[in-house]
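Residue numbers (this note's numbering): 4 to 224. C-beta: ideal position from N, C-alpha, C; glycine also. None of these values were measured; they are calculated from a predicted model.
Okay, structure coming up:
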């Protein structure tokens, strides 16, 4: 009951229950008898943690936000909205101008915003979403086109490889083909033995292991 008669003391007792982690450690490390009122503990807390606050930025900050070279429109919109939340009392018309300047001049959305100025930031975002859908559709079609081209290229390369293999096989098969003989091979020499273009080889070298009972008509030996 004594606490309720002294609200300042009650607030000092309740204050630690609102803290956690490092803030609670800070509270427990306060020097003994250094706090005499709730106003003093509030002042000490603000002094300790005021630098941790997110500082609100000026309206000109939005003009530093620009779409990246490889950034999609969808990601740029998301990032711009996050940065807009850091601007204190952000004006819609100023945000529209900053958003537009963050786009390259040849961007289709930039051209749309120049020709038909949006009434408010919400109007801009609704229009921008249509361009996001268009951008994603183009990307999807380009991906499908590339996949089709890759399949056709692989098919063409496979056909070329198959044709080349077939050509090599046919050439190899042709190299194994011989002229068909109309007479038995044993009679060929008898037919051409007197032809002037027939050149006979030198006599065979003497070989002790040779069967002298056998005669070769071609070598005449």
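Leaving out the 5 sequence neighbours to the left and right, which residues in its chain are closer than 6 Å to residue i when beta-carbon positions are compared?
i	result
residue 68	83, 86, 105
residue 135	76, 77
residue 79	70
residue 127	99, 121
When DSSP labels each residue in this structure, what does residue i get in the three-state scheme?
i	result
residue 135	helix
residue 90	strand
residue 60	strand
residue 75	coil
residue 117	helix
residue 10	helix
residue 30	helix
residue 39	coil
residue 161	helix
residue 108	coil
Buried or exposed, going by whether 16 or more other CB atoms sit within 10 Å of the CB of residue i?
i	result
residue 272	Since the first and last residues shown for the chain are 4 and 224, residue 272 lies out of range.
residue 195	exposed
residue 116	buried
residue 66	exposed
residue 42	exposed
residue 186	exposed
residue 131	buried
residue 17	exposed
residue 201	exposed
residue 44	buried
residue 112	buried
residue 205	exposed
residue 145	exposed
Counting only the same chain and skipping the five closest in sequence on each side, list residues whose C-beta sits under 8 Å from that of residue i.
i	result
residue 27	19
residue 40	11, 15
CB-CB under 7 Å to residue i, same chain, minus the five flanking residues each way: which ones, in chain order?
i	result
residue 7	Note on residue 7: pLDDT 47, under 50, position unreliable in the model; no value is reported.
residue 95	123, 124
Using only the heavy atoms of the ligand MG, determine whether one of them is closer than 7 Å to the beta carbon of residue i.
i	result
residue 18	Summarising the ligand content, the structure contains no ligands, and the ligand MG is consequently not present.
### Message
For the structure I just gave you, are there three or more beta carbon pairs, one from the stretch 117-127 and one from the stretch 136-146, closer than 8 Å?
### Response
no
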